[in-house]
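Numbering (my numbering), first residue to last: 43 to 137.
For each residue, glycine too, the CB sits at the ideal point set by N, CA and C.
Just so it is clear, the structure is predicted and the values come from calculations on it, not from any experiment.
Working notes, structure below.
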Ligand SMILES: [Zn+2]
């Protein structure tokens with residue numbers, strides 16, 4: 043791939059970092075925060091210091107309340123255990 047790399051992608055929302063939207067270049071601390079949030083969200087997003095993300099994406103992504111919301115959404119609903127019937131199968135009568 044040798045295309046022009048002038049349109050960067052926000053790793054959080056996968057949208058282009060276009061002019062107009064507030065973008066911030068994260069530092070190590072910011073990258074750590076996003077990576078931690080990614081783990082907590084069960085995502086595989088990994089960012090490095092120097093990456094650019096939307097300011098809003100970062101704000102939402104690392105927001106503990108939103109992380110919790112996502113966690114509760116992705117949590118599998120517990121499947122009610124089927125009660126094993128203790129009824130014995132019909133026995134054949136030999137009388
Ligand atoms: Zn974004």
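Is it the case that the Cβ atoms of residue 66 and residue 100 are separated by a distance below 8 Å? Contact flag set, yes.
As a quick exercise: from 98, 73 and 71, pick the residue whose alpha carbon is nearest that of residue 57. Closest option to residue 57, Cα to Cα, is 98.
In chain order, what residues of the same chain lie with their CB nearer than 8 Å to the CB of residue 82, ignoring the 5 residues before and after it? In chain order, 109 and 113 place their CB closer than 8 Å to the CB of residue 82, counting only its own chain and leaving out the 5 sequence neighbours on each side.
Assuming contact is defined by CB atoms lying nearer than 8 Å, are residue 88 and residue 77 in contact in what I supplied? Yes.
Report the CB separation of residue 86 from residue 93 in whole angstroms; it is logged as a contact under 8 Å. Wrong, their Cβ atoms sit about 15 Å apart, outside the cutoff.
Going straight from the alpha carbon of residue 72 to that of residue 125, what length do you get? Approximately 49 Å between the Cα atoms of the pair.
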